[in-house]
Amino acid sequence: MSRIPWPPILGFGAIVLLAVLAPVLPLPDPVTMDVAHRLAGPSLAHWLGQDEFGRDVLTRLLWGARVSLSVAFAASAIACVAGVALGVAGGFLRGIVEILALRSIDVLLCFPPLLLALLVVTLAGPGAATLVPVLALVYLPGFTRVAYAGVLTARSQDYVEAMRVLGAGKGRIMLRTILPNIGGPVLVQFSLSAAAAVVLESGLSFLGLGVVPPAPSWGLMIGAARATMTQAPLLLLWPCAALTLTILAMNALCDGLRDAVDPHPAYRPPGRRWLDRLTPGLLPATRAVLDLRGLTVRIDTPDGHFEPVRDVTLHIDAGETLALVGESGSGKSLTSLAISGLLPGAARVVAGSARLDGTDLLALPEEALRRLRGGAMAMIFQDPSSSLNPVHRVGEQIAEAIRAHRPKAPAATEAITLLKRVGIPDPAARARAFPHELSGGMRQRVMIAIAIANAPRLLIADEPTTALDVTIQAQVLDLLADLKRERGLALLFVTHSLPVVAEIADRVAVMYAGEIVEQGATAEVFARPLHPYTAALLRSAPDEEGPPPEGIPGVVPPPFDLPKGCVFAPRCVHRAPACDAARPKLATLPDGRQTSCLRWREL
Amino acid sequence: MAWLLRRVGISLALIWVVASIVFLAIHLVPGDPAELLLSQGGASPDPAIVADLRDQPILVQYADSLWRLLHFDLGHSMQDDSPVGDEIARRLPRTLELIVAAAILAVVVGIPAGTVAATRRGSVFDRIAGWLAGLSLAVPVFVVGTLLVMVFAQWLRWVPAGGYVAFATDPARHLLLLSMPAITIGLGLAAVMFRMTRAAVLDVMLKDYVRTARAKGVAPRRVLVRHVVRTALMPVVTVLALHMGTLLGGTVLVEYVFNWPGLSGLLVSAVNGRDYPEVVGIVLVISILFVALNLAVDILYGLLDPRVRRG
């Protein structure tokens, strides 16, 4: 939980303090009239002047705060207790209680709040005593909803299930696990209700349907001052200012509370992107479609920065598939996103070059990069169900890719041809389908159709089969392999699955904790790994004929807390003192293979 | 279309429940409703009505009131015996006009401002707009209205302090008189629209399908309009509609400040005079509109998001 900023706490605290202390402060009585000095301006005895009955304005402001805040807090407290009880009971007991709780809330929500308040005031008559239950009724549904949602979330949590299995009673589970969990959102709801209640109370009082004169209330004061607006405009401004400042402070407090309860960290805009264009120019150019050198990605956080991808160098030739393989968090997806210029906001490239047919993608302005994306360089992402826009038809989404690069092309017809090419039966009809009307495998085929729409040179596939089941996986891999052969694509295949690598990749680059630790032809790497991490990874993959899989002891070090030496050393069984001394560089062997292990010869 | 029928069915059921609750609320107040009416002062009630309230069994009265409601008969005012329905029909369009004008203002200002603020997050524009929105949300409508009257009507004398002229009588003056209350309501609503749009756009910009659109090489403006704003608008439209519903009863304060003879003003005078038939009539009409508006939102949602139509 982060801290709540102090200005709103201080401001609101001061208002509450003044309201509480109003009776003991050396102030005139709030209801004593002095008609001889009506509408008198500010004086030593009356700092803010006197109102239309000669009463002291400052006193009435402070007493008004007292009335407003106590009504708002009392109402919110009642709404909170009753609403949470209703929500928890509904969410926890289920059945008829749940239906009753939710439906009664729905009915309450059929009345606009002010209308509901007016209806009750009609029946019960105005006055502070009516206001409290009225406002409580108005704000009750909010608490019920928050509590109900919280209970639904909490009851599905493993530890609540566990307590139930252990035989804990419902009441005990409710008290011990669920109530503390919904505390944050309920607190936020409370602050929102209290702030809204101050507004509603003053509004009703302004209409003469809330607090009854001569009791002081900001709404009443504003209403009364309207009549003397021309003679004494200040009289109108004071309560307006008091009301606005109070609500501002309360709103700021609400925002602060909400941020404190919300686990998402605050956003910081990234700094300027700095590119080193010098190093690649000094090296001889290759014929590779993609030539990535020294790529380093940095993420800025409020507590400093770290580099989840460091000094990554790889290349892919035409008609070749390179698999970039590694565990979650190894930086393989960030690498592929950096190449396409689609890094999320907080991440940026700080060093390296990525040449696509000789053009450095990392040095291109966004507009030029955009023309390449979906054109010469295409992407397929992991989850086809979230990667397609749910509100547009799939044919239209393919056509959009075509039109973005070839505005004059017959996009709709081409889209159907593409759907046919990726193996979708009845393509003309399927083009009119929405993504949710297709299966997962079909959706990924649509994504592939989008990717190949403009005959790309480079296809980046980021875990394209992970979200699919095994048989569909095989079909999609076959399709990608066919397309690669047919069109001479360079395919960068990002995955964590070794069986998939074996099936599709010509060469493989193994990534660990943001670095490439080994690179080489797939068959050779699988047969004779030159890095202990690759070896451990291969042993951890299940194989029908070989020995049972072994796990790798330990975990991937977090990118902000890397070891000084070899990044794999803490988990490595072959660790030597030299491994911890300094970070080893990726070494290229005579046969073209690469490893960053210092001891590869011995092992 | 089963989805649509179900939604309409739920809405009708809600209206029935609301009507029943309003009826019960009047009759379950402790004591004899007739005596209550007399003892609370206000207008002197029609003896026939009092007799009805006393003599009929409650269930008969309930059935009777529902039956009359089905025929759009809301009874007669206790104050001047005029049909409640007629007065509501005369005033409702004025309130709706006010709400629609405010909503148009809010949409025109809030949605573009929210989109720009989201795309330039952390910029000077974002910060200033966010601060202004926070301020507009903190000032209650009747304070805004009163201050606008003081500045523009009393000091600068640009506009009249309030009142109403039918559009047919004097279109220019009608719009002039409409502008101040519409701006008063629109200001807070625009702040809500701004915040919602900004949050929704920021949220949608992180979606995978927006990344796909960018990966296709679609131009940024087109990505924003077709993929981001189109989806982001769904929650914004919902919130707008819900706020418009709240405004149906919430224009009371503004109508009062600007002397705008809408439905809410009638409600206040009815509440003050304890004119039960009138209060019940207005509450029912507004609640029914509110439910209908929610229904409209759901249908609109179905049109915007094809996934909803399935469920």
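Taken in sequence, the protein lines are chains W and B. Quick note on this note's numbering: the first sequence kicks off at 1 and runs consecutively. Quick note on this note's numbering: the second sequence kicks off at 1001 and runs consecutively. Glycine residues also receive a C-beta, built at the ideal position from the N, C-alpha and C atoms.
beta-carbon residue i near the ligand NAD non-hydrogen atom, thresh 6 Å
| i | result |
| --- | --- |
| W:Leu372 | Ligands in the displayed structure: none, and consequently the ligand NAD is not present. |
Whole-number beta carbon distance between residue j and residue i, since they are thought to touch under 8 Å
| i | j | result |
| --- | --- | --- |
| W:Ile15 | W:Ala249 | 6 Å |
| B:Thr1197 | B:Gly1114 | 3 Å |
| W:Leu257 | W:Ser191 | 5 Å |
| W:Glu515 | W:Asp311 | 7 Å |
| W:Thr313 | W:Gly294 | 6 Å |
| B:Ile1088 | B:Leu1247 | Incorrect: roughly 17 Å between the Cβ atoms, too far for contact. |
| W:Leu116 | B:Tyr1256 | Their Cβ separation, rounded to whole angstroms, is 18 Å, which puts W:Leu116 and B:Tyr1256 out of contact at 8 Å. |
| W:Val309 | W:Thr296 | 6 Å |
Listed by chain order, chain B residues near residue i by CB distance under 7 Å
| i | result |
| --- | --- |
| W:Ala162 | By Cβ distance, chain B contributes nothing, its closest Cβ being about 32 Å from W:Ala162, past 7 Å. |
| W:Gly423 | Correct list: empty, because the minimum Cβ distance to chain B is about 20 Å. |
| W:His305 | Those do not exist, as W:His305 stays about 17 Å from chain B at its closest Cβ, beyond 7 Å. |
| W:Thr122 | Val1271, Arg1274 and Val1279 |
| W:Pro112 | Gly1245, Thr1246, Leu1248, Gly1249, Gly1250, Ile1286 and Phe1290 |
| W:Glu400 | Lys1216 and Val1218 |
| W:Arg226 | Thr1146 |
Within chain W, partners of residue i - CB distance below 7 Å
| i | result |
| --- | --- |
| B:Arg1230 | Val391 |
| B:Val1017 | Val107 |
Residue i classed as buried or exposed, judged by whether at least 16 other C-beta atoms fall within 10 angstroms
| i | result |
| --- | --- |
| W:Met1 | Below a pLDDT of 50, predicted positions are generally treated as unreliable, and W:Met1, at 43, falls in that range; the measurement from the model is reported next regardless. So W:Met1 ends up on the exposed side. |
| B:His1071 | exposed |
| B:Gly1031 | In this predicted model, B:Gly1031 has a pLDDT of only 49, less than 50, meaning its place in the structure is not dependable enough to derive any value. |
| B:Phe1194 | buried |
| B:Ser1006 | Looking at the sequence shown, residue 1006 of chain B is not Ser but Arg. Per the 10 Å Cβ criterion, exposed. |
| W:Pro112 | buried |
| W:Leu100 | exposed |
| W:Gln594 | buried |
| W:Leu200 | buried |
| W:His264 | At W:His264 the pLDDT is 46, less than 50, meaning the model places this residue with poor confidence and gives no usable figure here. |
| B:Arg1214 | buried |
| B:Ser1065 | buried |
| B:Val1141 | buried |
| W:Gly554 | exposed |
Residues that residue i contacts on chain W, provided the C-beta gap is smaller than 8 Å
| i | result |
| --- | --- |
| B:Thr1184 | Here the premise fails: no neighbours, minimum Cβ distance about 13 Å. |
| B:Ile1021 | Val107 |
Opposing strand residues paired with residue i [DSSP bridges]
| i | result |
| --- | --- |
| W:Gly520 | W:Val508 |
| W:Ala354 | W:Leu292 |
| W:Val494 | W:Leu324 and W:Asp462 |
| W:His37 | Answer is none; W:His37 lacks a bridge partner. |
| W:Met377 | W:Arg373 and W:Leu458 |
| W:Leu314 | W:Leu292 |
| W:Gln50 | W:Asp56 |
| W:Phe306 | W:Ile299 |
| W:Arg348 | W:Arg298 |
| B:His1076 | B:Pro1083 |
| W:Glu515 | W:Tyr512 |
Chain-ordered neighbours of residue i on chain A, where CB pairs are closer than 7 Å
| i | result |
| --- | --- |
| W:Thr230 | Among the protein chains of the structure shown, namely W and B, there is no chain A. |
Partner residues on chain B for residue i, Cβ-Cβ distance less than 8 Å
| i | result |
| --- | --- |
| W:Ile450 | Thr1212 and Lys1216 |
| W:Phe381 | Asp1208, Arg1211, Thr1212 and Ala1215 |
| W:Ala363 | What W:Ala363 touches in chain B: nothing, since even the nearest Cβ is about 18 Å away. |
| W:Gly375 | Gly1217 |
| W:Leu388 | Tyr1209 and Thr1212 |
Under 9 Å by beta carbon: chain B residues contacting residue i
| i | result |
| --- | --- |
| W:Thr244 | Leu1135, Ala1138, Val1139, Pro1140 and Val1143 |
Okay, do the segment 499-510 of chain W and the segment 315-335 of chain W touch, 3+ Cβ pairs below 8 Å being the bar? The segment 499-510 of chain W is in contact with the segment 315-335 of chain W.
Determine contact between the segment 28-35 of chain W and the segment 51-65 of chain W, defined as no fewer than three beta-carbon pairs at a distance below 8 Å. Cβ pair count under 8 Å is three or more, so yes.
How about the segment 378-386 of chain W and the segment 454-465 of chain W: do they share at least three Cβ pairs that are nearer than 8 Å? With a cut-off of 8 Å on Cβ pairs, the segment 378-386 of chain W is in contact with the segment 454-465 of chain W, counting three or more such pairs.
Between the segment 61-78 of chain W and the segment 226-235 of chain W, can you find at least three pairs of beta-carbon atoms closer than 8 Å? Taking one beta carbon from each stretch, the segment 226-235 of chain W and the segment 61-78 of chain W have fewer than 3 pairs nearer than 8 Å; the two do not touch.
Cβ pair count under 8 Å reaching 3, the segment 386-401 of chain W against the segment 423-443 of chain W: With a cut-off of 8 Å, the segment 423-443 of chain W and the segment 386-401 of chain W count as touching, because enough Cβ pairs lie within range.
Would the segment 1288-1305 of chain B and the segment 1130-1143 of chain B be scored as touching if the rule is three or more Cβ pairs under 8 Å? The segment 1288-1305 of chain B vs the segment 1130-1143 of chain B: no contact.
With three or more beta-carbon pairs closer than 8 Å as the criterion, would you say the segment 430-441 of chain W touches the segment 346-359 of chain W? A contact is defined here as three or more CB-CB pairs under 8 Å, and the segment 430-441 of chain W fails this definition with respect to the segment 346-359 of chain W.
Count the CB pairs spanning the segment 462-477 of chain W and the segment 1224-1235 of chain B that are closer than 8 Å, and state whether there are at least three. Here the segment 462-477 of chain W makes no contact with the segment 1224-1235 of chain B; the two share fewer than three CB pairs at distances below 8 Å.
For the segment 1202-1221 of chain B against the segment 1152-1163 of chain B, are there 3 or more C-beta pairs whose distance is under 8 Å? Fewer than three beta-carbon pairs drawn from the segment 1202-1221 of chain B and the segment 1152-1163 of chain B are found closer than 8 Å, and the two stretches are therefore not classed as touching.
Could you check whether the segment 1280-1287 of chain B touches the segment 1010-1026 of chain B, counting it as contact only if at least three pairs of C-beta atoms, one from each stretch, sit closer than 8 Å? Note that the segment 1280-1287 of chain B touches the segment 1010-1026 of chain B; at least 3 beta-carbon pairs, one per stretch, sit closer than 8 Å.
Report yes or no: do the segment 32-46 of chain W and the segment 91-104 of chain W share at least 3 C-beta pairs separated by less than 8 Å? With the rule of 3 Cβ pairs closer than 8 Å, the segment 32-46 of chain W does not count as touching the segment 91-104 of chain W.
Decide yes or no for the touch test of the segment 360-372 of chain W against the segment 526-546 of chain W: beta carbon pairs closer than 8 Å, at least 3 of them. With contact defined as three or more Cβ pairs closer than 8 Å, the segment 360-372 of chain W and the segment 526-546 of chain W are not in contact.
Three Cβ pairs or more, each shorter than 8 Å: is that satisfied between the segment 211-218 of chain W and the segment 136-154 of chain W? At 8 Å Cβ cutoff, the stretches do not touch.
Does the segment 129-138 of chain W come close enough to the segment 63-73 of chain W to have 3 or more Cβ pairs within less than 8 Å? Contact holds: three or more Cβ-Cβ distances are below 8 Å.
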